[in-house]
Amino acid sequence: MKKTYRLITTCSVCCAICAATIALSSCKFEQEDYFPESASLRITHVNEEIKDRLVEQSAEGSHGWLIQYFVAGTDDYNFEGFNIFGRFYKSGRVTLAGNHRFLRNNNANKYTEHDSHYEMLAEEGPVLSFNTWNDVLTVLEDPVSPTAAPGSIVADGEGMRGDHNFVLTKFEDDCITFRGERHGANSRFTPCDRPWEEYMEAAEKTKKDITSDFLTSYYVTNATDTMYFVGLKKGYFNYCDRVSDPLNNKVLSCVFTPEGFRLHRIYYIESNMFQEFKMSPDSTCLVSESDSVRVIACWDNYIVNVRNTVWNFDQEQLSEEQKSILEQLDTEIKKVGKTYSLASIGLGRSTGKGAVNGLVITFYTNSAKSKSNTAGLELNTTRPVYGKMNIEAAEDAAMDGNLTSLAARSNAGELMKQFAATLISKQAEGKTQKIMFDITPNNYFKPTGCELQEILIDDNGKETPGTAKYTLK
């Protein structure tokens, strides 16, 4: 059976003994011995057990400890969590390792090990103290960090508000948690399950897999409510009730793991608790410990609204009508210049003067097909509900400079409008029906393409599956 200890201070023990003494004084003249040992002796024995456990997990054949370390931060300065690794020896020596961005002597973001000393102190409760300088840990509490980037310290003389003394809050065989004695941030010790550099590489891969510079928002949802994370890549992010103009905004710190990420503290959405998220079996989202909360990248918003490049249609999937329009486009473009020819058609943002978002053709501008350019017709793409897209004609149907030039010398502009119309509505069952698309991304966290499945909508709002299916890439 596992032993679980929680912090009991000397003061609280004395209060309990005094209260018991007062309660019994009217009927007993001798105080009952409720505890076989004094509070200080009990703390000493717990310290011995903690040290034995730290050393045991550090023995040859084991991988020591993973320390998920956090600094306190403030409302104005916030920091990510740090994966630090430790191997403890009976002699009081400790080896710590890390690869964080605050390592000095040109070691930033590089795997670094450093030896120092540790001690178990008997204060008001058990305290783990790293009582000599360690390159991996101590820089996170150093009052001044002259090599750190601007904005990376709270204030001169305060540093990042890390700690080197840690008060025990929970002691189990497979998890020991501490609270920073001065600044109060939590740190969690768990047995490491692999060599340290392998763990770092796996955690970094997960971070790269689920974050990017271009898709930075995430739905946080349970069965009935949705909130958001913004900025996960930094390792500290805003948790808010909506992405734009948030009313409720909290800053959370996390550490990345090989399976996902873990928050500094437990948080809730309605009554559902969450702290640690792991990738779902189908890689579509991250799932909390209780399977009740999910983190889903806002890939649909990105695909519909934010894409700044062009994703091209797989031309083999186009209808006969659409293929015919492209053939005519190619003919018209060749009329403008002998070295011109159509390469592809897609959705995104054109690159011509007065660039537009919408339908974009890419055309070659030399016979060797080594140079190309784009021309765009403005369209509006909207997200009616999660995972769906509408394509609508823009009110003025603006063209960028390249398409305007082509349209002045050919029928390219009208043909582009005809192609766009095939994505907006179609004749079905003897009447015109609007088109909506189901979106399936090729990657749920870093999409570089998607599939659009046609849905037809009649005047009464009834939805029926259409026959068209497009791949954009």
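Residue numbers 20 to 492, in the working numbering, belong to the letters of the sequence shown in order. Cβ coordinates follow ideal geometry from the N, Cα and C atoms, glycine included. Source: prediction; values computed, not measured.
Beta-carbon contacts of residue i that lie in its chain and below 7 Å, excluding the five residues immediately before and after
{"i": "Y405", "result": "D319"}
{"i": "T157", "result": "H183"}
{"i": "A439", "result": "L378, L396, L398, A412"}
{"i": "C549", "result": "Since the displayed the chain opens at 20 and closes at 492, residue 549 lies outside it and no answer follows."}
{"i": "V74", "result": "F107, Y108, K109"}
{"i": "F98", "result": "V90, G92, M179, Y255, S272"}
{"i": "S148", "result": "Y137, E138, L140, H183, N184"}
{"i": "A417", "result": "V375, E397"}
{"i": "Y359", "result": "I352, K353, F382, Y383, T384"}
{"i": "T419", "result": "At residue 419 the sequence reads Asp, which differs from the Thr that was named. Closer than 7 Å at the Cβ level, and outside the excluded window around D419, lie S369, G371, K372, G373, A374, V375, A394, G395."}
Option in the options with minimal Cα separation from residue i
{"i": "N327", "options": "Y287, N118, P466", "result": "P466"}
{"i": "L398", "options": "N324, Q334, L491", "result": "N324"}
{"i": "G111", "options": "R123, L140, M298", "result": "L140"}
{"i": "F293", "options": "R281, E68, D301", "result": "R281"}
{"i": "G432", "options": "I344, R213, K445", "result": "I344"}
{"i": "K374", "options": "T423, K342, Y383", "result": "According to the sequence shown, residue 374 is Ala rather than Lys. Out of T423, K342, Y383, T423 has the C-alpha closest to the C-alpha of A374."}
{"i": "L471", "options": "K488, P484, R120", "result": "K488"}
{"i": "G105", "options": "R120, G92, T131", "result": "T131"}
{"i": "A362", "options": "D349, S369, G371, G356", "result": "D349"}
{"i": "N291", "options": "V239, C317, G250", "result": "V239"}
{"i": "S81", "options": "E217, D419, C211, Y359", "result": "C211"}
{"i": "L442", "options": "M455, K450, G449", "result": "M455"}
{"i": "F464", "options": "A78, G203, D301, V163", "result": "D301"}
Distance, residue j Cα to residue i Cα
{"i": "L475", "j": "W215", "result": "54 Å"}
{"i": "S386", "j": "N331", "result": "22 Å"}
{"i": "E414", "j": "L366", "result": "18 Å"}
{"i": "S272", "j": "M298", "result": "19 Å"}
{"i": "E308", "j": "F89", "result": "21 Å"}
{"i": "S338", "j": "T486", "result": "10 Å"}
{"i": "K21", "j": "V312", "result": "Low per-residue confidence applies at K21: pLDDT is 47, beneath 50, and the placement is therefore not dependable, though the value from the model is reported in the following sentence. If you take the alpha carbons of K21 and V312, they lie about 29 Å apart."}
{"i": "R428", "j": "D333", "result": "28 Å"}
{"i": "L187", "j": "F197", "result": "5 Å"}
{"i": "D478", "j": "Q437", "result": "22 Å"}
{"i": "T370", "j": "S391", "result": "11 Å"}
{"i": "H283", "j": "R61", "result": "29 Å"}
{"i": "I315", "j": "Y247", "result": "9 Å"}
{"i": "S213", "j": "T276", "result": "A quick correction: the sequence has Arg, not Ser, at residue 213. Spanning the two alpha carbons is a distance of roughly 12 Å."}
{"i": "A447", "j": "M219", "result": "56 Å"}
{"i": "Q50", "j": "S57", "result": "At Q50, the pLDDT of 44 sits below 50, so the modelled position is not reliable and the matter cannot be decided from this model."}
{"i": "A221", "j": "K227", "result": "10 Å"}
{"i": "T230", "j": "L305", "result": "12 Å"}
{"i": "Q341", "j": "K357", "result": "24 Å"}
{"i": "G250", "j": "N268", "result": "12 Å"}
{"i": "E482", "j": "T401", "result": "17 Å"}
{"i": "E473", "j": "T451", "result": "14 Å"}
{"i": "H64", "j": "D192", "result": "16 Å"}
{"i": "A426", "j": "E223", "result": "49 Å"}
{"i": "V274", "j": "P403", "result": "35 Å"}
{"i": "V355", "j": "Q336", "result": "28 Å"}
Chain-order list of residues whose beta-carbon lies under 8 Å from that of residue i (same chain, five-residue window excluded)
{"i": "E289", "result": "N241, T243, D244"}
{"i": "K129", "result": "N118, L122"}
{"i": "V113", "result": "G105, R106, F107, D134, S135, H136, Y137, F149, N153"}
{"i": "I69", "result": "M139, P145, L147, L187, F190, I195"}
Beta-carbon proximity list for residue i, same chain, < 6 Å, skipping 5 on both sides
{"i": "T151", "result": "S135, H136"}
{"i": "G181", "result": "V90, L159, E160"}
{"i": "G480", "result": "none"}
{"i": "R201", "result": "D182"}
{"i": "L122", "result": "T131"}
{"i": "R295", "result": "The sequence given here places Glu at residue 295; Arg does not occur at that position. Result list for E295: R281, E308, in chain order."}
{"i": "T209", "result": "L85, C194"}
{"i": "I380", "result": "I364, A394"}
{"i": "V329", "result": "G365, G367, V379"}
{"i": "A204", "result": "F89, V90, A91"}
Which residues DSSP lists as bridging residue i, in chain order
{"i": "H136", "result": "R112"}
{"i": "L73", "result": "Answer is none; L73 lacks a bridge partner."}
{"i": "Q87", "result": "N102, R207"}
{"i": "W330", "result": "L366"}
{"i": "N184", "result": "S148"}
{"i": "T131", "result": "G117"}
{"i": "K297", "result": "G279, V306"}
{"i": "E191", "result": "C194"}
{"i": "N291", "result": "I288"}
{"i": "F107", "result": "V113"}
{"i": "I1", "result": "Missing from the structure shown is residue 1; the chain here goes from 20 to 492 and no further."}
{"i": "V274", "result": "R281"}
Residue i at chain B interface by Cβ criterion, 8 Å
{"i": "L147", "result": "In the displayed structure, chain B is absent; only one protein chain is listed."}
Residue i beta carbon near the ligand MG (any heavy atom closer than 7 Å)
{"i": "K253", "result": "Ligands displayed in this structure: none; no statement on the ligand MG is therefore possible."}
Minimum length 3: unbroken beta strand (DSSP E) runs contained in the segment 444–492
444–447, 450–460, 469–476, 482–491
Could you name each continuous alpha helix (DSSP H) segment of 4 residues or more that falls completely within the segment 198–272, going from the start of the chain to the end?
215–229
Give the list of continuous beta strand (DSSP E) stretches no shorter than 3 residues that lie fully inside the segment 338–417.
360–368, 376–383, 391–401, 407–412
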